[in-house]
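Report on the structure given below.
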Amino acid sequence: MELSNRQQQIIEIVKKHGPITGENIAEKLQLTRATLRPDLSVLTMSGFLDARPRVGYFFTGKTGFELLSEKLKEVKVRDFQSIPIVIKENDSVYDAISKMFLEDVGTLFVVDDQSLLTGVVSRKDLLRASLGNQELTSLPVHIIMTRMPNVTICRKDDYLIGAAKQLINKQIDGLPVVEDTEKGLQVIGRITKTNMTKALVEFTSNDNLQGG
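Residues in the sequence shown are numbered consecutively from 1, following the UniProt record's numbering.
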């Protein structure tokens, strides 16, 4: 939400005179209380203002950046995960290179015959294999992949900011979103740097918190 001129005026009044009632704010702007009610509701729900019964409105002291940061901290992985791109562990490195190119991804999640996660293969893994003198069509992916339990994972109910930190700390392109089953971990999604960028763009577009 981008603040209107009137909403910014309300914030300045509350900063200077708070705690202040809605009636007094309306009086200072020479408007009716009913006219201001939607603006006050928006500013309160957005976190710029706080309201207490029989006391009035307070300025929370939070900037737009702080409010955006608070909202991002509440987002879960499930809100932005995308469809996983998987490959069978006995598929060839050539097949993996082809799938990575066609799907335009940086990481493939490797699964067994029961569709359970056994490893991951990255661009770097495939590049190293390609530089060797091996026949890529006969070299299985499981030979070059990073195996479990050395794969960094996340779950759909994890916080998105936590997944972002893992991507940065591990210097990897993507995380498999997994679900626990009796037999092992089933891949149900993926979180990548692209997902993180989309999340940031969506929040700054729909919740363009300015002012404060």
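Where a beta carbon is used, it is the ideal one built from N, C-alpha and C, also for glycine.
| query | result |
| --- | --- |
| How close, in whole Å, do the beta carbons of Asp50 and Arg6 come, if the pair is a contact with beta carbons under 8 angstroms? | Not quite, the Cβ-Cβ distance comes to about 19 angstroms (not below 8 angstroms), so this is no contact. |
| Taking Asp91 as the reference, which of Leu131, Val120 and Thr44 has the closest Cα? | Val120 |
| Whose CA, out of Lys62, Val105 and Lys183, lies closest to the CA of Leu126? | Val105 |
| Can you tell me whether Gln186 is helix, strand or coil according to DSSP? | strand |
| Check each candidate in Pro19, Val75 and Ile83 and name the one with the smallest Cα separation from Val177. | Ile83 |
| Under 8 angstroms, with one C-beta from each stretch per pair, do the segment 148-164 and the segment 51-58 reach the 3-pair mark? | no |
| Could you tell me whether the Cβ atoms of Asp173 and Arg155 are closer together than 9 angstroms? | no |
| Check whether the segment 10-29 touches the segment 42-49, counting contact only when three or more Cβ pairs, one atom from each stretch, lie closer than 8 angstroms. | yes |
| Please confirm whether Val86 and Leu108 have their CB atoms less than 9 angstroms apart. | yes |
| So within the segment 10-52, which uninterrupted beta strand (DSSP E) runs reach at least 3 residues, ignoring any that extend past its ends? | 49-52 |
| What is the DSSP secondary structure of Gln8, reduced to helix, strand or coil? | helix |
| In the DSSP assignment, what residue or residues form a beta bridge with Pro140? | Ser92 |
| Tell me, to the nearest whole angstrom, how far the beta carbon of Val141 is from that of Glu89; I am working on the premise that it is less than 8 angstroms. | 6 angstroms |
| Compare the beta carbon distance of Leu175 and Ala199 with 9 angstroms and say whether it is the shorter of the two. | no |
| At which residues does the alpha helix (DSSP H) containing Gly162 begin and terminate? | Leu160 to Lys170 |
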